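Here is the structure we will look at, set down as C-alpha cells.
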Amino acid sequence: MANITKIVFIGAGSMSFGLSMFRDLFYAENLRGSTLVLVDTDPDALARSAALARLLNDKSGAGLVIETATERRAALPGAGFVLNATAIDRLHLWQLDYEIPKKHGIRQTLGENGGPGGLFFTLRTLPLVFDFVRDMEALCPDALFVNFSNPESRIILAVGKYSRIRAVGLCEGVFGSRGHVAAVMGLPAEAVDVWAAGLNHFQWLLQIRDHAGGADLYPRLRAAEATYDPGFAPLTRTLFHAFGLWPTCGDGHTGEYLPFGWEADGGKGEGYDFAGDRQVRRQFHAEVEAVLAGRSPVPGWWLTPSGERGAAVVTGVVNNQKRFIESGIVLNRGTIPNLPADLAVEVPIVVDAAGVHPVSLGPLPDPVAKLLAGPAGVQQLAVEAAMRGSKDLAREALLIDPVVSSAKAAEALLEELWEINRPYIRACI
C-alpha cells in the first residue's frame, strides 16, 4: 500500500521541466493518493502546467491529487517535499551574464555556474531561494528541499550552511557523461555503469564498469578514445589525457571552472545558443498548447518516464525503499575527504525514510582535488557574497576566480552587472 505525501512544486510554470517532472511522478510507484501542489506566480503559466499535469495524471492512472497556488505560503503547510525549479528572468539575465564579461575581455564558456556569470547568478538566486527556505522553516520544517535550479552547488551549500532544512540537489549531467563514454566505446549507455564524484558539472568518473558483468571499462575507453573523432569534446579529452579520468559533463560546463576553458570551442567564444533556446521553447509551448486544445494527440514519449531522479528521491523517502541515486549534490562533511567539509559536492546518494545519505568513494586523486580547490573557494566566497548582499565580497570572489584574467575587467563588469542585478540582491542573514 502506498504511503501518501504532499509534494509542492515551486516554479511549476516551467513547461519543459514541468513535463519531465510530471512524466516521472505520474509513472512512479506508490504515490497514489498523494497531493501535488503546483506553485507559480504567473497565473497563465500555472494554468497551462496544471492542465498538462491533469491530462497526464489521467492518462497514466497515477491517482495523484493536483492542486495549484500562486502563493507558496498557502501551499507549504504539511508538505513532505518542496521541489524547486525557479529562476529569475532566466534567459535574459543569463545572456547579460555572458555578454557583459565578454565585452570586457573575460572569456567564459557558458556564464552560468562558474566565472562572473556564475557569481551573478548566485547573487540574484540565493535571496529568492531563501524566501522559500525561511517559509519552509516556519511551515514545513521537516520537508525535504529538492533543488533542480542552477547554480546547484551554491544553492545547496548555502541551504546546508544557513538553514536547518534538509536539502539535496539533482542534476542529470552524470548520465550525459555516461552516454559520452559509452559512445566512444561503441556501447549503448545502458550497458555502462559510472561512479563519479566532484563538483556539480565538474565530477570525475572514478570508475566505468560493464553493467552486466562489472568489468573495468577504463582500458577499453582509453583504447577507443585514441582513435575517436578528434572534434568530440576536446577540452574533456585534454583533461582525460592529463589526469587519467574522464570529467563531466561536457566541454561547456567543465570549461566554466577553468582559465583555459574558452579553448573548448577553438577560442570562438560563441557561448550558449540563446536564440536557439528561445526558438525551442516557443516550439515546445506551441506543441503543448495544441495538445491541450485537442488539436494534436499526446506524444508517446510524454507517457514514459524522463529518467530524471526527482521522483525516485520522493518514492524512496516516502516508501522507505533505500533507493540508490547515481548522483546528488549534498553538503560535503567529509564525503570527499580531500575537499573542504564546508562545500557542496556531487556524489552518489542513497535515500530512504531517514533522509539522504551520501556515498563516499574516498578521496579524489590528489591532482584532481587540487584542480577543484580553486573553483571550490570561488563557490564558497560567492555564497558568502550573496548571503550578505556584499559587493566587496563579490569583488573578492571575482578576483580569485580562475576564469577572471584582468582586475580592471573584473571591476568594470562588477559595476555593470551589479546595477542590473541590484533589484534582486539583498542580505539573507
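For the sequence shown, position 377 (counting from the first letter as 1) is numbered 377 according to our numbering, and the numbering increases by one without interruption. Don't be surprised by glycine CBs; every beta carbon is placed ideally from N, CA and C. Being a predicted model, the structure only gives us computed values, none of them experimental.
Quiz item: Leaving out the 5 sequence neighbours to the left and right, which residues in its chain are closer than 6 Å to residue 13 when beta-carbon positions are compared?
Solution: 40, 42, 45, 46 and 49
Self-check item: Span of the beta strand (DSSP E), counted from its first residue to its last, around residue 325
Solution: Its beta strand (DSSP E) spans residues 323-331.
Practice problem: Kindly indicate which three-state DSSP category residue 57 falls into: helix, strand or coil? | Solution: It is helical.
Quiz item: Counting pairs of beta carbons, one from the segment 307-314 and one from the segment 287-297, are three or more of them closer than 8 Å?
Solution: Output reads no: the segment 287-297 does not touch the segment 307-314.
Quiz item: My guess is that residue 233 and residue 285 are in contact by the Cβ rule of under 8 Å, so how many angstroms apart are they, rounded?
Solution: Not quite, the Cβ-Cβ distance comes to about 31 Å (not below 8 Å), so this is no contact.
Quiz item: Which residue from 374, 76, 56 and 128 puts its Cα closest to that of residue 256?
Solution: 374
Exercise. Express the C-alpha separation of residue 115 and residue 402 in angstroms, rounding to a whole number.
Key: As the crow flies, the alpha-carbon of residue 402 is around 8 Å from that of residue 115.
Quiz item: How far does the alpha helix (DSSP H) with residue 104 in it reach, from first residue to last?
Solution: Segment: none, residue 104 is in no alpha helix (DSSP H) and carries neither H nor E.
Self-check item: Residue closest to residue 450, alpha-carbon to alpha-carbon, out of 346, 138 and 52
Solution: The question about residue 450 has no answer, for the chain in this structure spans 1 to 429.
Exercise. Just the C-alpha distance for residue 424 and residue 386, rounded to the nearest angstrom, thanks.
Key: 10 Å
Quiz item: Exposed or buried, which one is residue 22 when buried takes at least 16 other CB atoms within 10 Å?
Solution: buried
Quiz item: Nearest-angstrom Cα distance between residue 259 and residue 107?
Solution: 8 Å
Practice problem: Enumerate, from N- to C-terminal direction, the unbroken beta strand (DSSP E) stretches of 3 or more residues contained entirely within the segment 121-150. | Solution: 144-147
Practice problem: Express the C-alpha separation of residue 223 and residue 356 in angstroms, rounding to a whole number. | Solution: 37 Å
Self-check item: Cβ-based neighbour list, residue 337, same chain, cut-off 8 Å, excluding 5 preceding and 5 following
Solution: 360, 362 and 363
Exercise. Determine the closest residue to residue 412 out of 276, 394 and 191, with distance taken between C-alpha atoms.
Key: 394
Practice problem: For residue 377, I'd like the list of residues in its chain whose CB is within less than 7 Å of its CB, leaving aside the five on either flank, ordered along the chain. | Solution: 400
Self-check item: Candidates 332, 312, 335 and 331: closest to residue 324 by CA position
Solution: Nearest C-alpha to residue 324 among 332, 312, 335 and 331: 312.
Quiz item: Just checking, does the segment 152-168 make contact with the segment 118-130 on the three C-beta pairs under 8 Å criterion?
Solution: yes
Practice problem: Would you kindly work out how many angstroms separate the C-alpha atoms of residue 221 and residue 187, rounded to a whole number? | Solution: 10 Å
Quiz prompt | residue 31 versus residue 80 - alpha carbon distance | solution = 12 Å
Quiz item: Tell me, which residues are paired with residue 7 by DSSP?
Solution: In DSSP, residue 7 forms a bridge with 36 and 81.
Self-check item: For residue 359, the first and last residue of its enclosing beta strand (DSSP E)
Solution: The continuous stretches of beta strand (DSSP E) do not include residue 359, and DSSP gives it neither H nor E.
Quiz item: Relative to the C-alpha of residue 347, which residue among 280, 205 and 416 is closest?
Solution: When each option's Cα is compared against that of residue 347, the closest is 205.
Quiz item: Quick one: what's residue 203 bridged to in DSSP?
Solution: Answer is 198.
Exercise. Please classify residue 394: does DSSP put it in a helix, a strand, or coil?
Key: helix
Exercise. May I have the straight-line CA-CA distance separating residue 10 from residue 16, to the nearest angstrom?
Key: For residue 10 and residue 16, the gap between their C-alpha atoms comes out near 14 Å.
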